[in-house]
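Trainee: Got a structure here, written out as structure tokens. Questions coming.
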Amino acid sequence: MKIGKYFDDYEFSCRCDRHGVDADGHKILDHIIDKRLVDVLDRIRERLGVPITVNSGYRCPEHNEEVGGVSDSQHVLGTAADITYDGIDVDYLAEIAEECGADGIGKYYYQDFVHIDVRGYAARWDDL
Numbered sequence: 109m110k111i112g113k114y115f116d117d118y119e120f121s122c123r124c125d126r127h128g129v130d131a132d133g134h135k136i137l138d139h140i141i142d143k144r145l146v147d148v149l150d151r152i153r154e155r156l157g158v159p160i161t162v163n164s165g166y167r168c169p170e171h172n173e174e175v176g177g178v179s180d181s182q183h184v185l186g187t188a189a190d191i192t193y194d195g196i197d198v199d200y201l202a203e204i205a206e207e208c209g210a211d212g213i214g215k216y217y218y219q220d221f222v223h224i225d226v227r228g229y230a231a232r233w234d235d236l
């Protein structure tokens, strides 16, 4: 089901195997994704002009712990996504994310993705 101009709900589903799959074989999203996050992602997609891949959207608490996520992770709240695109430039994507309204922005150079969230206040970090 579409939840934004460019995104389907299953793209945000937890990557663990605890939640089942739908008739199309997509993992089931059983948590609400914050509309502000989807709006920011739609704006980023518009600015980039290329498809965005959501590496990690919602995480159930168990999966968040398994992947080493922080205890107060925005992913558990449905307010965060780790994103990438073909030919990613991490700094450029982070800059676009800020211009498009992301609150939290984490740059992960070694894994080629940017974390964005809509936590309600600015936060910045990187893996250097």
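Just add 108 to wherever you are in the sequence shown, counting from 1, and you've got my numbering.
Think of the CB as a built atom: it goes at the ideal place given N, C-alpha and C, for glycine as much as any other residue.
(1) Taking its Cβ as the centre, do 16 or more other Cβ atoms sit within 10 Å of Ser89, making it buried, or is it exposed?
(2) Mind checking whether Gly212 and Asp225 have CB atoms under 8 Å apart?
(3) Pairs of beta-carbons, one from the region 146-162 and one from the region 213-220, closer than 8 Å: are there three or more?
(4) Nearest to Ala231 by CA position, among Tyr193, Ala205, Lys110, is which residue?
(5) DSSP state of Ala210, grouped into three classes?
(6) Counting C-beta neighbours from all protein chains within 10 Å, is the total for Gly250 16 or more, i.e. buried, or is it exposed?
(7) At what residue ranges does the region 134-184 contain a whole run of the beta strand (DSSP E), taking only runs of 3 or more?
(8) May I have the straight-line CA-CA distance separating Asp197 from Asp150, to the nearest angstrom?
(9) Give me the Cα-Cα distance between Ile111 and Asp142, rounded to the nearest whole angstrom.
(10) Just curious, the beta strand (DSSP E) that Asp234 is in, first and last residue?
(11) Cβ atoms of His139 and Gly195: under 8 Å apart, would you say?
(12) Skipping 5 residues on each side, what residues in its chain have a beta carbon closer than 8 Å to that of Phe221?
Mentor: The structure says:
(1) The requested residue 89 is not part of the displayed model; the chain covers only 109 to 236.
(2) Locating residue 212 in the sequence shown gives position 104, where the first residue counts as 1. Locating residue 225 in the sequence shown gives position 117, where the first residue counts as 1. Cβ atoms of Gly212 and Asp225: closer than 8 Å.
(3) No, the region 146-162 is not in contact with the region 213-220.
(4) Working through the sequence shown from its first residue, we reach residue 231 at position 123. Ala231 has its Cα closest to that of Ala205, out of Tyr193, Ala205, Lys110.
(5) Position 102 of the sequence shown, counting from 1, holds the residue named residue 210. Of the three classes helix, strand and coil, the one that applies to Ala210 here is coil, per DSSP.
(6) The question about residue 250 has no answer, for the chain in this structure spans 109 to 236.
(7) 161-164
(8) Counting from 1 along the sequence shown, the entry for residue 197 is found at position 89. Counting from 1 along the sequence shown, the entry for residue 150 is found at position 42. Cα-Cα distance, rounded: 18 Å.
(9) As a first step, residue 111 must be located in the sequence shown, where it is residue number 3. As a first step, residue 142 must be located in the sequence shown, where it is residue number 34. So the two alpha carbons sit approximately 10 Å from each other.
(10) Translated into the one-based positions of the sequence shown, residue 234 becomes position 126. Looking at the DSSP string, the run of the beta strand (DSSP E) that includes Asp234 is 231-234.
(11) Residue mapping note: residue 195 aligns to position 87 of the sequence shown, counting from 1. Residue mapping note: residue 139 aligns to position 31 of the sequence shown, counting from 1. No.
(12) As a position in the sequence shown, residue 221 is number 113, starting the count at 1. Once the five neighbours on either side are set aside, the close Cβ partners of Phe221 are Asn163, Asp190, Ile191, Thr192, Ile196, Val198.
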